[in-house]
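Report on one structure; see the data block that follows.
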Amino acid sequence: MLIFSAQQVRKNLFLLALSIMLLFSFKTIASERTLLFSGGPDGGTFQYFSAGISEYLSKELDGYKVLNEASAGSVENLRRLNKRESDFGITYSGDLYLGRNGRLSNNARQYRNVHAVAYLYGAPAHLVVLDDKRINSVSDLVGKKVAVGAVGSGAAASAQRFFESMGVWEKIEPQFLGYSEGAVSLGDGLIDALWVFAGYPNSAVIQAASANKIKLLQTYTEAQKNGKLFEDFPFYSKVVIPADTYPGVDYDVVTIQDSALWTASSRLPGDVVEKAVKLIYQSEGLDHLVSVKSTAKAMSIDSGLTGIVTPVHKGAQNFWKSKGKTLTEVQIR
């Protein structure tokens, strides 16, 4: 008959407990699935949102670990999601709409496997001129030099869409300058207007306003009169840049914006998407995102479907309907 000492019994019980803990740990790890969230360039707003959402979901979404991935931005995310190289991503509404309909610049491919989940924040147009009496409307820019953003940039593409819809693209002299260079050139009198397509307050516009007295033109008001921009590009929407956002601009600026959207592969299960959106849109989730990037203050149940003109993922549809939101015919296709 074997007789164990009290010390041996305690040792054996400890080893048994440790074995059980390891067994359950390995089982948990084995059952945990990894989801990839495609963001943007390091230091950019896309990447802040992607990292913030990934971090929160990794802690709160049972059975899943969400990994944040850097990318070149909106169009690359569209490609990754369409091929299921990523599960979640951030995409401009404009790129999602144009890609779905085979209208991306130099790319006729249709990206049909990507669905919208929610609105994150807006990228409004700033049309900046010096505060004199020469330029008060878009038509006053005929024959003038306008900095529209770097070659191949989203800003330059949006500028061309806007000015073409207004019938003046061929009548202005577009200058393909980055924002900071454009702000300096405006102050130096080398250009007549600066186009910035980014969230507010924007550092380049602040730079221009700090060196000169500026004004911002009301792009939405003018585009609405014309109507063509919204017919051809329904992803643009109205936004107001509040008075005093920039030095010397003491009035509200009604302008157009594109929307940065949380997007998902259409092949991602609906229950996973629904749980993810529900977690982010609870107060703790939104507070976490605001702590990561203050731009997330734009996120709310009320704004959740802003700027979405393409189908919404089935899981996200379930969430928004549960919150009393009415989806458009396009959003529920």
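So the sequence shown is numbered by my numbering: it starts at 139 and just counts up by one. The C-beta atom is built at its ideal place from N, Cα and C for all residues, glycine as well.
Given that a residue counts as buried once 16 or more other Cβ atoms are within 10 Å of its Cβ, and exposed if not, what is Tyr259?
-> If you number the sequence shown from 1, residue 259 lands on position 121. Classification for Tyr259: buried.
Reference Gly190; option with closest CA among Lys459, His426 and Val447 = Indexing the sequence shown from 1 puts residue 190 at position 52. Ranking the options by Cα distance to Gly190, first place goes to His426.
Backbone secondary structure at Lys203 - three-state DSSP | Residue mapping note: residue 203 aligns to position 65 of the sequence shown, counting from 1. Reduced to three states, the DSSP call for Lys203 is strand.
For Asp390, which of Thr359, Lys363 and Ala331 has the nearest alpha-carbon?
-> Against the sequence shown, residue 390 aligns to sequence position 252. The shortest Cα separation from Asp390 among Thr359, Lys363 and Ala331 belongs to Thr359.
So the alpha helix (DSSP H) Trp458 belongs to, where does it begin and stop?
-> One-based indexing of the sequence shown puts residue 458 at position 320. That run of the alpha helix (DSSP H) goes Lys452 to Ser460.
Under the DSSP definition of a beta bridge, which residues are partnered with Ala263?
-> Residue numbering aside, residue 263 sits at position 125 when the sequence shown is read from its first letter. Beta-bridge pairing links Ala263 to Phe335.
Please determine, among Asp388, Ser421, Ser341 and Ser303, the residue with the shortest C-alpha to C-alpha distance to Tyr374.
-> As a first step, residue 374 is located in the sequence shown; it is residue number 236 there, counting from the start. With distances taken between Cα atoms, Tyr374 lies closest to Ser303.
First and last residue of the uninterrupted alpha helix (DSSP H) at Glu311 = The sequence position of residue 311 within the sequence shown is 173, counting from 1. That residue, Glu311, is in no alpha helix (DSSP H); its beta strand (DSSP E) goes Glu311 to Gln313.
Could you round the C-beta distance between Val252 and Ser404 to whole angstroms and report it? I think they count as a contact, below 8 Å.
-> Looking up residue 252 in the sequence shown gives position 114. Looking up residue 404 in the sequence shown gives position 266. At roughly 7 Å, the Cβ-Cβ gap stays under 8 Å, so Val252 and Ser404 are in contact.
Does any heavy atom of the ligand MN sit closer than 7 Å to the C-beta of Thr359?
-> With respect to the ligand MN, the structure shown offers nothing to examine, as it has no ligands at all.
To which residues does DSSP link Thr448 through a beta bridge?
-> Position 310 of the sequence shown, counted from the first residue, corresponds to residue 448. The partner list for Thr448 (beta bridge, DSSP) is empty, contrary to what the question assumes.
Taking Arg171 as part of the beta strand (DSSP E), name the residues at either end of that continuous run.
-> In the sequence shown, the residue the question calls residue 171 occupies position 33. First-last of the beta strand (DSSP E) with Arg171: Arg171 to Ser176.
Which value, in whole angstroms, describes the spacing of the CA atoms of Ser209 and Ser176?
-> Here the question's residue 209 lines up with position 71 in the sequence shown. Here the question's residue 176 lines up with position 38 in the sequence shown. Cα-Cα distance, rounded: 6 Å.
Starting from the C-beta of Val266, find all residues in its chain whose C-beta is less than 7 Å away, skip the five residues before and the five after it, and write them out in chain order.
-> The count along the sequence shown starts at 1 and reaches residue 266 at position 128. So the list reads Leu324, Ala331, Leu332, Val334, Val343, Ala346, Ile352 and Leu354, once near-sequence residues are dropped.
Residue ranges of each alpha helix (DSSP H) within the segment 341-414, 4 or longer | 341-349, 357-364 and 366-370
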